[in-house]
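A short worksheet on the structure shown next.
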């Protein structure tokens, strides 16, 4: 017992108070960042933050995110969608794509084309003061014509982004 007490005396108290199951004990805690004098958006004021969204839209988002947080439900949904898309039934296929567009696509995508995305980014900035991250989703390129289409789409995305107010976008330099 004396040996355990002797070892405990050699270990700093700060290490004993922290959970050793995380990496938090390996680094010093950084000082809190000062609050900006005039924040563009205050995430702590949820009433103001969500005031411009209709209640139905917020409930739709909550339902989608809750469903997407349930791993087994997502697995079943992905398997069902794959099976439907692999089938020959056009009506069933159209229904499955419609459900995907009304849920996941609607929640995470700004639109289906450049014009839709541009309108969504502008509206998010003007109505909520939210910035956007534009990401061009390319298809697999199996030949040079497909590569050319992907390049043209990427360049069109850059052109569209340059037409938006600079403060409405977040640019990440790689």
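In full-length UniProt numbering, the protein residues as written are 1 to 174.
For glycine and all other residues, C-beta sits at the position ideal for the given N, C-alpha and C.
Skipping 5 residues on each side, what residues in its chain have a beta carbon closer than 6 Å to that of residue 160?
Excluding sequence neighbours, residue 160 sits near 114 and 118.
Do you know how far the Cα of residue 55 is from the Cα of residue 112?
Between residue 112 and residue 55, the C-alpha separation is close to 24 Å.
Terminal residues of the continuous alpha helix (DSSP H) containing residue 104?
Bounds of any alpha helix (DSSP H) do not take in residue 104, whose DSSP letter is neither H nor E.
Would residue 163 be called buried (16 or more neighbouring beta carbons within 10 Å of its own) or exposed?
Around the Cβ of residue 163, a 10 Å sphere holds fewer than 16 other Cβ atoms; the residue is exposed.
In this structure, how does DSSP classify residue 132 when only helix, strand and coil are distinguished?
Residue state, collapsed to three classes: strand.
How would you call residue 96, buried or exposed, if buried means at least 16 neighbouring beta carbons within 10 angstroms?
Counting C-beta atoms within 10 angstroms of its own C-beta, residue 96 has 16 or more neighbours from the protein chains shown and is therefore classed as buried.
Return helix, strand or coil for residue 154, following the three-state DSSP convention.
The answer is helix: DSSP assigns residue 154 an H, G or I state.
Please identify the residue among 89, 46 and 52 whose C-alpha is closest to the C-alpha of residue 126.
Distances from the CA of residue 126 to each of 89, 46 and 52 were compared; the closest alpha carbon is that of 52.
Neighbour-count burial assignment, residue 121, 16 or more Cβ in a 10 Å radius:
So residue 121 ends up on the buried side.
Taking the alpha carbon of residue 134 as the reference point, which residue from 45, 90, 157 and 65 has its own alpha carbon closest?
Check the Cα spacing between residue 134 and each of 45, 90, 157 and 65: the tightest is with 157.
Assuming residue 86 is part of the alpha helix (DSSP H), what are its boundary residues?
Unbroken alpha helix (DSSP H) run through residue 86: 71-86.
Is residue 81 near residue 100, with beta carbons less than 8 Å apart?
Annotated as proximal: residue 81 and residue 100, with beta-carbon spacing under 8 Å.
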